[in-house]
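Working notes for the structure below.
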Amino acid sequence: MKNFLYKEWKLAFHPTVLMFWLLSAMLMIPNYPYFVILFYTMLGIFFINLNGRENHDIFYSMSLPSKKSDFVKARFAFIVIIEMIQLLAAIPFIALKQGLHMSGNVVGMDANISFLAFSLVIYGIVNWVFLKRYFTAPEKVGKTFAIASVYITVVIAAAEVLVHAVPFVRDRLDTPDPQFLLEKMAALAIGAVIYAALTFFSMKRSIKVFKTLDI
Numbered sequence: 071m072k073n074f075l076y077k078e079w080k081l082a083f084h085p086t087v088l089m090f091w092l093l094s095a096m097l098m099i100p101n102y103p104y105f106v107i108l109f110y111t112m113l114g115i116f117f118i119n120l121n122g123r124e125n126h127d128i129f130y131s132m133s134l135p136s137k138k139s140d141f142v143k144a145r146f147a148f149i150v151i152i153e154m155i156q157l158l159a160a161i162p163f164i165a166l167k168q169g170l171h172m173s174g175n176v177v178g179m180d181a182n183i184s185f186l187a188f189s190l191v192i193y194g195i196v197n198w199v200f201l202k203r204y205f206t207a208p209e210k211v212g213k214t215f216a217i218a219s220v221y222i223t224v225v226i227a228a229a230e231v232l233v234h235a236v237p238f239v240r241d242r243l244d245t246p247d248p249q250f251l252l253e254k255m256a257a258l259a260i261g262a263v264i265y266a267a268l269t270f271f272s273m274k275r276s277i278k279v280f281k282t283l284d285i
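Taking my numbering as reference, the numbering of the sequence shown is continuous, increasing by one, and the terminal residue is 285.
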């Protein structure tokens with residue numbers, strides 16, 4: 071799998087991902103739906119898979135002396151790294167915004183620890199919906215992205231609505247750091263567990279399905 075992961079960075083990486091990482095700076099925009107940043111990450115993943123289809127990446131990878139499962143594991147690891155870099159890139163802007171004591175986000179979740187917690191859950195859903203479906207039919211990556219976009223749009227909208235509709239989220243999670251730090255760290259831990267579980271089971275399902283494909 072190590073060699074496949076190296077191949078992902080050298081051959082599969084799409085330059086738009088670099089641009090999308092920089093969009094973490096959008097957390098400095100006042101009154102903006104910050105979870106939209108996560109949609110751009112999924113768009114970058116789509117470009118990687120679309121570019122791979124056009125360049126026959128899977129056919130090339132399967133011509134190498136390796137297992138199909140290793141290719142799937144490497145692609146998942148590659149995507150996880152991309153997602154984590156996006157969140158790591160967000161941390162300095164979260165800290166800066168908190169340090170400047172900027173007013174809260176009237177649209178939805180503010181840029182704080184809870185944003186990272188919700189982001190992990192959303193990324194987990196991306197990996198479950200998009201990647202699992204992608205490995206079922208790699209040649210239909212456009213359709214897969216369209217379906218996943220609907221799911222993620224609904225999830226992002228629901229996450230923003232929670233800030234206004236659920237008192238616990240509004241009064242404790244959507245507050246300036248380090249207020250209610252215990253609750254926020256608990257939410258972050260829960261988000262990490264959900265992310266890991268959704269990603270792991272999506273990978274296991276993808277490996278099972280991908281092994282049956284006639285490449």
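Where is the CB? At the ideal position from N, CA and C, for every residue including glycine.
Along the alpha helix (DSSP H) that carries residue i, what are the first and last residues, could you check?
{"i": "Lys80", "result": "Lys80 -> no alpha helix (DSSP H), and no H or E assigned at all."}
{"i": "Lys213", "result": "211-235"}
{"i": "Ala159", "result": "138-169"}
{"i": "Val239", "result": "That residue, Val239, is in no alpha helix (DSSP H); it is neither H nor E in DSSP."}
{"i": "Phe185", "result": "183-196"}
{"i": "Ile322", "result": "Any property of residue 322 remains undetermined from this structure, which presents the chain solely from 71 to 285."}
{"i": "Leu243", "result": "No alpha helix (DSSP H) contains Leu243, which DSSP labels as neither H nor E."}
Any idea if residue i is buried or exposed, counting beta-carbon neighbours within 10 angstroms, 16 or more meaning buried?
{"i": "Ser173", "result": "exposed"}
{"i": "Glu78", "result": "buried"}
{"i": "Lys167", "result": "buried"}
{"i": "Gly169", "result": "exposed"}
{"i": "Tyr204", "result": "buried"}
{"i": "Phe90", "result": "buried"}
{"i": "Ile115", "result": "buried"}
{"i": "Thr282", "result": "exposed"}
{"i": "Asp244", "result": "buried"}
Apart from the five residues on each side of it in sequence, which residues of its chain come closer than 8 Å, Cβ to Cβ, to residue i?
{"i": "Leu190", "result": "Leu157, Leu258, Gly261, Ala262, Ile264, Tyr265"}
Per DSSP, what kind of secondary structure is residue i in: helix, strand or coil?
{"i": "Gln249", "result": "coil"}
{"i": "Phe271", "result": "helix"}
{"i": "Leu283", "result": "coil"}
{"i": "Gly174", "result": "coil"}
{"i": "Phe105", "result": "coil"}
{"i": "Ala207", "result": "coil"}
{"i": "Ile277", "result": "helix"}
{"i": "Met89", "result": "helix"}
{"i": "Met71", "result": "coil"}
{"i": "Ile264", "result": "helix"}
{"i": "Met98", "result": "helix"}
{"i": "Met179", "result": "coil"}
Identify, in the order they occur along the chain, each residue of the same chain with its Cβ nearer than 7 Å to the Cβ of residue i, setting aside the five sequence neighbours on each side.
{"i": "Val177", "result": "Asn101, Tyr102, Pro103, Glu230"}
{"i": "Ser94", "result": "Ile107, Gln156, Ala159, Ala160, Phe163"}
{"i": "Glu153", "result": "Thr111, Tyr193"}
{"i": "Arg242", "result": "Phe250, Glu253"}
Less than 6 Å between C-beta atoms, sequence neighbours within five positions excluded: which residues of the same chain meet that for residue i?
{"i": "Phe105", "result": "Ile226, Ala229"}
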